[in-house]
Structures are given as C-alpha cells and as structure tokens.
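Visitor: Position one of the sequence shown corresponds to residue 39 (my numbering), numbered consecutively onward. Here a beta-carbon is modelled for each residue, glycine too, at the ideal position from N, C-alpha and C. Note that the coordinates shown come from a computational prediction; the quantities given were computed from them, not determined experimentally.
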Amino acid sequence: SLFNEWYPRDTSKKVRVSLHQRGTSGKHMGKPPYGYRCDPEDKDHWILNEDAAPIVKYIFDLTVSGKGPDAIARILEDQKVLTTKALYAQRKGKPMPERPYHWAGQSVAGILERMEYTGCTCNFKIYSKSYKLKQAYETNASILIKNSGTFLSIHEKPYLIGANTILHSFLTGFKKNLTT
C-alpha cells in the first residue's frame with residue numbers, strides 16, 4: 039500500500055539528515071583506524087593507541103625508505119608484530135587468531151591510504167543512492183568532507199602524503215606488470 043511505501047522513505051530522509059549534520063560538524067562517523075582508540079572520557083574524540091601507533095609510524099617510515107606493501111608485511115611478520123585482529127583480541131581477552139603475526143600487503147596498503155593518519159576527520163567516503171539500493175558507491179574526492187586538526191596525527195602531513203604517493207607508484211607499477 040502507499041503508506042507502507044512512504045514510511046521507510048521518510049524515515050530514511052530523517053536518518054540521512056541527522057547523519058549529515060553529525061558528519062559536517064566534525065564528529066567521526068565510524069570506528070577509529072588502527073593506531074587510534076576512542077577517548078574513554080569523550081567517545082567522539084580519538085587518541086593515540088600506545089600499542090599500535092608506533093607500528094603505524096614504522097609502516098610509514100618503511101614506505102618512505104622505499105619498501106612496498108608486501109615487503110613491509112613480510113618485515114612485520116618476521117619481527118612478530120601482532121596484526122590488527124590479534125591486537126584487538128589480546129586487548130579484549132578473546133581467543134587469538136591462528137596466525138597472529140600474518141600481515142597481508144593489502145592490510146598495509148589500507149593503512150597507507152587512510153587520510154585519518156594526518157589528523158583530519160574524513161566523513162562520507164561512501165554513499166548509497168537510495169534506501170532501496172544496498173550497493174555502496176565511493177564518494178568523489180572533491181565532495182569528501184575533511185575536518186583538519188580534529189585529533190593528533192601520527193606523523194607530519196607532508197610525510198604521510200609522500201608515503202601515500204610512493205604507495206600509489208608501487209600499486210601503479212604492480213598493475214602495469216599484471217597487464218604485460
């Protein structure tokens with residue numbers, strides 16, 4: 039019936055408006071990335087995680103020194119550095135994964151691509167066109183809402199952007215090798 043169609047549409051509009059207001063005000067819209075944790079006194083503020091922040095900094099240092107994501111993953115595995123999942127399990131007292139030191143190059147690349155490590159809040163990275171469609175689409179970088187200086191960065195911004203540029207040169211070279 040018609041009223042059954044209007045109710046979810048109106049509810050969806052209200053939820054989108056409230057989430058948009060929250061995101062544009064500079065509050066985080068998701069969980070903190072690896073290297074950060076929520077402040078116990080203010081859940082909307084992120085602070086550095088003492089266990090993981092040095093590892094993230096080390097990953098960026100290795101990238102700037104010329105290592106690729108797969109090489110960094112092997113180095114972390116050789117040095118017995120706990121993965122994100124293993125560190126979470128250890129902190130929460132849950133059972134450890136089978137291979138707690140097994141880093142994947144994709145995980146390292148994901149860390150290097152995140153803009154949150156510069157100290158800015160990046161909201162609305164993905165969107166859906168309608169409440170009826172469940173597929174998520176990536177937001178254009180020009181539309182992405184970034185609020186700078188909302189929390190402490192792990193490294194200086196130019197250093198992180200340089201590491202991100204090196205990462206993209208590695209990934210572009212990798213894709214060219216696949217096509218030839």
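By how many angstroms is the C-alpha of residue 134 removed from the C-alpha of residue 216?
Guide: Residue placement at residue 216 is flagged as unreliable, the pLDDT there being 40, under the threshold of 50; the coordinate-derived value follows with that caveat. Cα-Cα distance, rounded: 35 Å.
Visitor: Give me, in chain order, the residues of the same chain whose beta-carbon lies closer than 7 Å to that of residue 213; leave out the 5 immediate sequence neighbours on both sides.
Guide: Here residue 213 scores only 46 on pLDDT, less than 50, and its place in the model is too uncertain to base an answer on.
Visitor: So, residue 74 versus residue 84, is the Cβ gap smaller than 9 Å?
Guide: yes
Visitor: Could you compute how far the alpha carbon of residue 65 sits from the alpha carbon of residue 118?
Guide: 35 Å
Visitor: Would you list, in sequence order, the uninterrupted beta strand (DSSP E) runs of no fewer than 3 residues that lie entirely inside the stretch 47 to 129?
Guide: 74 to 76, 84 to 86
Visitor: Would you give the residue range spanned by the alpha helix (DSSP H) that residue 147 belongs to?
Guide: 143 to 151
Visitor: Going by C-alpha distance, which of 80, 46, 70 is nearest residue 157?
Guide: 70
Visitor: Distance, Cα to Cα, residue 171 vs residue 50?
Guide: Each residue's Cα considered, the two are about 12 Å apart.
Visitor: Among the residues of its own chain, which have a CB less than 6 Å from the CB of residue 139, if the five just before and after it don't count?
Guide: 115, 118
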